[in-house]
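Q: For the sequence shown, the numbering used here gives the first residue as 7, with consecutive numbering after it.
In this text, a Cβ means the ideal position worked out from N, Cα and C, and glycines have one as well.
Predicted model only: the values in this text are computed from it and were never measured.
Pasting a structure here, questions to come.
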Amino acid sequence: MSTVAARRLAFAHVFVWWAAIATAGPWDAPASYYNSATGTGATLKSQLHNIIDGHTSRSYGDLRTLLQVTDADPDNPGHILLVYDRVSLDLSSINSGSIPGWDSGNSWNREHTWPQSLGVGSGGPDTSDMHHLRPSTNSVNNARGNKPFGGSYGQPYGDAGGGYWYPGDADAGMIARGMFYMAVRYDGSDSGTGNLELVNGSGGGSTIGDLASLLDWHYRAAPDDFERRRNDIIFDSYQYNRNPFIDHPEYAWSVFVDQQNDTQLSIAGATASADGSSTRDIDLGRVFVGGAAPSQVSVGLDKNGVDGTYFQVTATGAAFTNAGEYSKPVPMGSLAGAFDSFDVGLNASTAAAGSYTGSVIVDNLDVTTAGGAGRGANDGNDVVNLAFDVVNHAVASFTDDVLTTSLTIDFGQVTIGSGTLAEELSIFNFDGTGAPAFAADLDIDSVAIVGDGGMSLDLSPTFGVEQGAGVVFDAIFDTSSLGEFANTFTIHLSDEDLVGAQLSTLSLTLLGEVIAAPGLAGDYNGDGRIDAADYTVWRDGNSPDNSPAGYDVWAANYGESIPQSTSVPEPTGVLMVLALFVGSAVRTARVA
């Protein structure tokens, strides 16, 4: 695990992590309301029937007042929204009768969205069930009559041709879920009711259609706030039962189609695994303390398969999304490219250093399991992982446990010809006691030298040294020339390449002296070897003995040499510019 990854884990305790559960909305069902809805298909339909059966039935007359509450226009106090045309009707001027807002059906009446002539009748609880009765004008109610529902989403409300009625885009999904409710709630077991069923086509008797159209609308138009609020008011105040297909739109496929939903969702740009899951990792970057907060990123969703479904988006950790708290629909049919998108981001403060992480999770809510691996309920969750770091400035040091910004190495006296001497040194992105928490990476940019030459560093530009890591290099002393040598190396460093990066330096001084080799007769140039170079010195009259005897000494010792020094230099003067602290050992990396 990299140091950055390890530090992100170390700082994760700053945030509260919670399970990917959607926050309860103001119109949600009680937590345990659907606990017994555990099956699929006919079993699920029966379980839902038992949950919503036995509601408190309100009289048809009560609805003259109650629909004024359930269908109140949230944007226009004192108005109600009429079904199909969605006219916002002002009730304040309707006071000609004993019931405020009601004038015996002249301004609005009570529309049975499941017609009385198609199995509802006039004597049972279905006659006045508020989940399918809506306020309407007389003209629109009469125009619809008992036509079954049909038509294409997007067309104007009204006669859809072929004997069908299109309720309009604003009501299409809501009407579909009302029909789903009626087909589950009424199976003929209640006195005065029939067994209501949905069918493809127009229907007749106690059936109504067109189921295919209703499903299409259901997977195009999710429940909105008006529909959810209406469902909750009916539950809380009047009938004390709910429409399951508003609270759980995902139940519709299993109850009304089959158990082989083929949908598979994936994050756009990611590859779905065999189980249908997909993952995208988004690094929102790194900034210094006080820098700009991270930006939001748009994430798309792809669909594989032709069936419809609903999905839920939740956030964990420091992540957030604008996808909303309620489930969203996936239209039926093949879809090219991303069919939906939403923004994701992290709630991150740059006031202090630390790592922010979180995930946004997409859950295919379908409940069917026979569609195969990675399909329907078997479709694994899709996850967007987010990360963002706030860092302090890096601090460079020659040692890992003590902050050392200046160092002197004295090679001492060495005999000429002792070869190349090397001292292994390190530069650390300091992480010892007193080091800044969560520091930026360290870059080694360049080296400048001032001095006598004969010394060098095998240190090359290096980038991205993580906090706690180090770079190993050699300080080199060339002993081929006599003399005293002193060189000061200024090592230029900087933070990683972020806005606001700071520069810094380390200072390294190298000292050493190369002396002549003692006690080797005939070594006229003092390099510790007797060779042709010494003859040249004798010949040119520059040796201590330029006589023939001097030549004889050279000739007698030709080829001799003094063994090279193998001493290891010691750092004799470590200069500490900053305070010294005890720190922990860290790993190093060798520079090639």
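So, for VAL420: in the same chain, excluding its five sequence neighbours on each side, which residues have a beta-carbon less than 8 Å away from its beta-carbon?
A: Position 414 of the sequence shown, counted from the first residue, corresponds to residue 420. Cβ neighbours of VAL420 beyond the five flanking positions: LEU427, PHE483, THR485, GLY518, GLU519, VAL520, ILE521, SER571 and SER573.
Q: Between the region 199–213 and the region 317–328, do at least 3 Cβ pairs fall closer than 8 Å?
A: no
Q: Confirm the yes/no value for this check: CB of GLY215, any heavy atom of the ligand FAD, distance under 7 Å.
A: Although the ligand FAD was asked about, the structure shown includes no ligands whatsoever.
Q: Determine the contact status of GLU256 and LEU73, defining contact as a CB-CB distance below 8 Å.
A: As a position in the sequence shown, residue 256 is number 250, starting the count at 1. As a position in the sequence shown, residue 73 is number 67, starting the count at 1. Going by C-beta atoms, GLU256 is not nearer than 8 Å to LEU73.
Q: My output table needs one value for ASP253: the three-state DSSP class, helix, strand or coil.
A: By 1-based counting over the sequence shown, the position of residue 253 is 247. In this structure, ASP253 counts as helix in the three-state DSSP scheme.
Q: What number of angstroms, rounded off, separates the C-alpha of ILE27 from the C-alpha of GLN270?
A: In the sequence shown, the residue the question calls residue 27 occupies position 21. In the sequence shown, the residue the question calls residue 270 occupies position 264. Any reading at ILE27 must be qualified, since the residue scores a pLDDT of 36, below 50, and its modelled position is unreliable; no value is offered.
Q: Do ALA276 and ARG292 have their C-beta atoms within less than 8 Å of each other?
A: Position 270 of the sequence shown, counted from the start, is the residue given in the question as residue 276. Position 286 of the sequence shown, counted from the start, is the residue given in the question as residue 292. Against a cut-off of 8 Å, the Cβ pair of ARG292 and ALA276 comes out as no contact.
Q: Where does ILE455 sit, in a helix, a strand or coil, going by DSSP?
A: If you number the sequence shown from 1, residue 455 lands on position 449. Correct three-state label for ILE455: strand.
Q: Of the choices ASN493, LEU509 and SER452, whose alpha-carbon is the least far from that of LEU413?
A: Numbered from 1 along the sequence shown, position 407 holds the residue referred to as residue 413. Selected option, being the one with the closest Cα: ASN493.
Q: Would you decide whether ARG545 is buried or exposed? Buried here means 16 or more other CB atoms lie within 10 Å of its CB.
A: The count along the sequence shown starts at 1 and reaches residue 545 at position 539. By the neighbour-count rule (16 or more Cβ atoms within 10 Å), ARG545 is not buried but exposed.
Q: If you compare alpha carbons, which of GLY107, GLY179 and ASP238 is closest to TYR90?
A: What you label residue 90 is simply residue 84 of the sequence shown in a count that begins at 1. Nearest C-alpha to TYR90: GLY179.
Q: Please state if the CB of HIS498 and the CB of SER452 are separated by a distance shorter than 8 Å.
A: Position 446 of the sequence shown, counted from the start, is the residue given in the question as residue 452. Position 492 of the sequence shown, counted from the start, is the residue given in the question as residue 498. Yes, they are a contact pair.
Q: Under 6 Å Cβ to Cβ from TYR316, same chain only, skipping five residues before and after it: list those, please.
A: Start at 1 with the first residue of the sequence shown, and residue 316 comes out as number 310. Closer than 6 Å at the Cβ level, and outside the excluded window around TYR316, lie PRO255, GLU256, SER333, PRO335 and LEU371.
Q: Measuring straight from C-alpha to C-alpha, what distance separates THR49 and SER260?
A: Position 43 of the sequence shown holds residue 49. Position 254 of the sequence shown holds residue 260. Each residue's Cα considered, the two are about 10 Å apart.
Q: Check ASN295 in the structure and name its three-state DSSP category.
A: If you number the sequence shown from 1, residue 295 lands on position 289. As written in the sequence, residue 295 is Val, which differs from the Asn given in the question. Of the three classes helix, strand and coil, the one that applies to VAL295 here is coil, per DSSP.
Q: Ends of the beta strand (DSSP E) at TRP171?
A: Along the sequence shown, one-based indexing puts residue 171 at 165. Residues 170–172.
Q: Examine the Cβ distances between the region 32–44 and the region 243–252 and report whether three or more of them are shorter than 8 Å.
A: yes
Q: Give the single residue among SER549, SER513, THR511 and PHE394 whose Cα lies nearest to the Cα of ASP529.
A: If you number the sequence shown from 1, residue 529 lands on position 523. Checked all of SER549, SER513, THR511 and PHE394; the closest Cα to ASP529 is SER549.
Q: Taking DSSP as the reference, what is the three-state secondary structure of ILE288?
A: Start at 1 with the first residue of the sequence shown, and residue 288 comes out as number 282. Correct three-state label for ILE288: strand.
Q: Going straight from the alpha carbon of PHE294 to that of ALA358, what length do you get?
A: As a first step, residue 294 must be located in the sequence shown, where it is residue number 288. As a first step, residue 358 must be located in the sequence shown, where it is residue number 352. Rounded to the nearest angstrom, the two C-alpha atoms are 9 Å apart.
Q: Assess, as a yes-or-no matter, whether the region 150–157 is touched by the region 169–178 under the definition of 3 or more beta carbon pairs within less than 8 Å.
A: With the cut-off at 8 Å, the region 169–178 and the region 150–157 touch.
Q: Quick one: give me the first and last residue of the alpha helix (DSSP H) that VAL543 is part of.
A: Position 537 of the sequence shown, counting from 1, holds the residue named residue 543. From DSSP, the alpha helix (DSSP H) with VAL543 extends over 538–545.
Q: Please state whether the Cβ-Cβ distance between GLY103 and SER110 is less than 8 Å.
A: Start at 1 with the first residue of the sequence shown, and residue 103 comes out as number 97. Start at 1 with the first residue of the sequence shown, and residue 110 comes out as number 104. Yes, they are a contact pair.
Q: Compute the beta-carbon to beta-carbon distance between SER279 and GLY386, rounded to the nearest angstrom, for a pair I have assumed lies under 8 Å.
A: The residue given as residue 279 occupies position 273 in the sequence shown. The residue given as residue 386 occupies position 380 in the sequence shown. Between SER279 and GLY386, the beta carbon gap of about 7 Å places them in contact (Cβ cut-off 8 Å).
Q: So, at 7 Å on beta carbons, what are the nonlocal neighbours of ARG599 in its own chain, with the 5 sequence-adjacent residues on each side left out?
A: Nothing can be reported for residue 599, as the shown portion of the chain is limited to 7 through 598.
Q: Answer with buried or exposed for PRO554, where buried requires no fewer than 16 other C-beta atoms within 10 angstroms of its C-beta.
A: Taking the sequence shown and counting its residues from 1, the one referred to as residue 554 is at position 548. Its Cβ having fewer than 16 others within 10 Å, PRO554 is exposed.
Q: Measure the C-alpha to C-alpha separation of SER340 and ASP135 and round it to an integer number of angstroms.
A: In the sequence shown, residue 340 corresponds to position 334, counting from 1. In the sequence shown, residue 135 corresponds to position 129, counting from 1. Rounded to whole angstroms, SER340 to ASP135 spans 37 Å at the Cα level.
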